[in-house]
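K.L.:
In full-length UniProt numbering, the protein residues as written are 1 to 340.
Quick reminder that beta carbons are idealized off the backbone N, C-alpha and C, glycines included.
The model shown is predicted, which means the values in this text are computed figures rather than measured ones.
Pasting a structure below so you can have a look.
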């Protein structure tokens, strides 16, 4: 079936796409085969019906195929971890997953952090890293170099996914989240095979986890949603977690107490890039409180999937040691200084 026929089938309310058809449809979209009206109709139809895990798997496979590639070996990719989430939870928190990425890197994980500038928030991961003096405009070659040298590199989504520019104006014009909010975290340009993905709803946890399992390329991933509304593990109560290892999925809940931390109802509010950078600097300097604790909790999850820690308790201890020993601050200086 031709891509335009696949598109029309979705728009007309036909059956959900199988993996191969979803991949073919997304490949055609990224190659510019559809008009803006056709793309808008497709994204609207998917939003109204809801995407399936097979569709997400096919779409993400096409996006990874169209992305710029980092010159890394398979062995290097197998150890990489990403902390990219969907965003869009409307919580207005500071950049938790970005802080988590830096702490986890200082604790020994190798982080290929996929992210963007602000879209639905006041401050995206690229914005706060820029305010911290860390480069965000890597080429595939420079990203691979800094990954090998520092154990951390930021991968700016628009730079690494140039084919996505065809759909950018359509996404901006639509008044709702599209399938690309889910696909962003599933399309790490470095080919990271370990990941913690925060999603904006409880329903999206199983959907994304099943899509990752359908693809079968993840060594170890956690898809998480804090029931307080966060696309992170929550400090205020339970979080839903789906663990993916290859094609296997296991779902469970996590509380702060499971990691040896105390619950907090504090809002963890963020602001603009400079304000959020100040919050991160405070955490990295050793300030205690809920902001530190939510970073420790989520960094513990990253250290688990990376293999640095065996469980959340050990992950919290390793993350705390990375902060309190000054290793996180030294990593910041290294990342900023190497590109000054």
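1. How about residue 4 and residue 42: do their beta carbons lie closer than 8 Å?
2. Using a Cβ distance threshold of 8 Å, determine whether the stretch 101-115 contacts the stretch 210-229, with at least three qualifying pairs required.
3. Going by alpha carbons, who is nearest to residue 166 out of 2, 300 and 40?
4. Check the C-beta distance from residue 130 over to residue 278 and give it rounded, since I have them as a contact under 8 Å.
5. Pull up the distance between the alpha-carbon of residue 210 and that of residue 246, whole angstroms please.
6. Output yes or no for whether 8 Å exceeds the beta carbon distance between residue 150 and residue 335.
7. Tell me the rounded alpha-carbon separation between residue 110 and residue 225.
8. If you check the beta carbons only, do residue 93 and residue 233 fall under 8 Å apart?
9. Decide if residue 267 is buried, meaning its Cβ has at least 16 other Cβ atoms within 10 Å, or exposed.
10. For a minimum of 3 consecutive residues, which ranges assigned as the beta strand (DSSP E) are wholly contained in the stretch 136-222?
11. In angstroms, rounded to a whole number, what distance separates the CA positions of residue 152 and residue 310?
12. Taking residue 67 as the reference, which of 201, 264, 191 and 269 has the closest Cα?
13. Given that a residue counts as buried once 16 or more other Cβ atoms are within 10 Å of its Cβ, and exposed if not, what is residue 340?
14. Let me know if residue 158 comes out buried or exposed under the rule of 16 or more other beta-carbons within 10 Å of its beta-carbon.
15. Does the pairing of the stretch 304-323 with the stretch 199-215 give three or more beta-carbon distances under 8 Å?
P.N.:
Looking at the coordinates:
1. By 1-based counting over the chain shown, the position of residue 4 is 4. By 1-based counting over the chain shown, the position of residue 42 is 42. For the pair residue 4 and residue 42, the CB atoms are not nearer than the 8 Å cut-off.
2. No: the two stretches stay apart, fewer than three of their Cβ pairs being nearer than 8 Å.
3. Working through the chain shown from its first residue, we reach residue 166 at position 166. It is 40.
4. As a first step, residue 130 must be located in the chain shown, where it is residue number 130. As a first step, residue 278 must be located in the chain shown, where it is residue number 278. Contact flag wrong, Cβ pair sits at about 14 Å.
5. The count along the chain shown starts at 1 and reaches residue 210 at position 210. The count along the chain shown starts at 1 and reaches residue 246 at position 246. When rounded, the distance between both Cα atoms is 11 Å.
6. On the chain shown, residue 150 is found 150 positions in, with the first residue counted as 1. On the chain shown, residue 335 is found 335 positions in, with the first residue counted as 1. With contacts defined by Cβ atoms closer than 8 Å, residue 150 and residue 335 form a contacting pair.
7. Locating residue 110 in the chain shown gives position 110, counting from the first residue. Locating residue 225 in the chain shown gives position 225, counting from the first residue. So the alpha carbons of these two residues sit roughly 23 Å apart.
8. As a position in the chain shown, residue 93 is number 93, starting the count at 1. As a position in the chain shown, residue 233 is number 233, starting the count at 1. Cβ distance not < 8 Å, so residue 93 and residue 233 don't count as in contact.
9. In the chain shown, the residue the question calls residue 267 occupies position 267. Residue 267 is exposed by the Cβ-count criterion.
10. Considered as a whole, the stretch 136-222 harbours 152-156 and 194-198 as its complete beta strand (DSSP E) runs of no fewer than 3 residues, in chain order.
11. Mapped onto the chain shown, residue 152 falls at position 152. Mapped onto the chain shown, residue 310 falls at position 310. Going by C-alpha positions, residue 152 is about 21 Å away from residue 310.
12. Within the chain shown, numbered from 1, the residue matching residue 67 stands at position 67. Closest option to residue 67, Cα to Cα, is 191.
13. Within the chain shown, residue 340 is the residue found at index 340, counting from 1. Confidence in residue 340 is poor, its pLDDT being 48 and thus under 50, which makes the residue's placement unreliable; the coordinate value appears in the next sentence. Using a 10 angstroms sphere on the CB of residue 340, the tally of other CB atoms stays under 16, which defines it as exposed.
14. Position 158 of the chain shown, counting from 1, holds the residue named residue 158. Residue environment for residue 158: exposed (fewer than 16 other C-beta atoms within 10 angstroms of its C-beta).
15. At 8 Å Cβ cutoff, the stretches do not touch.
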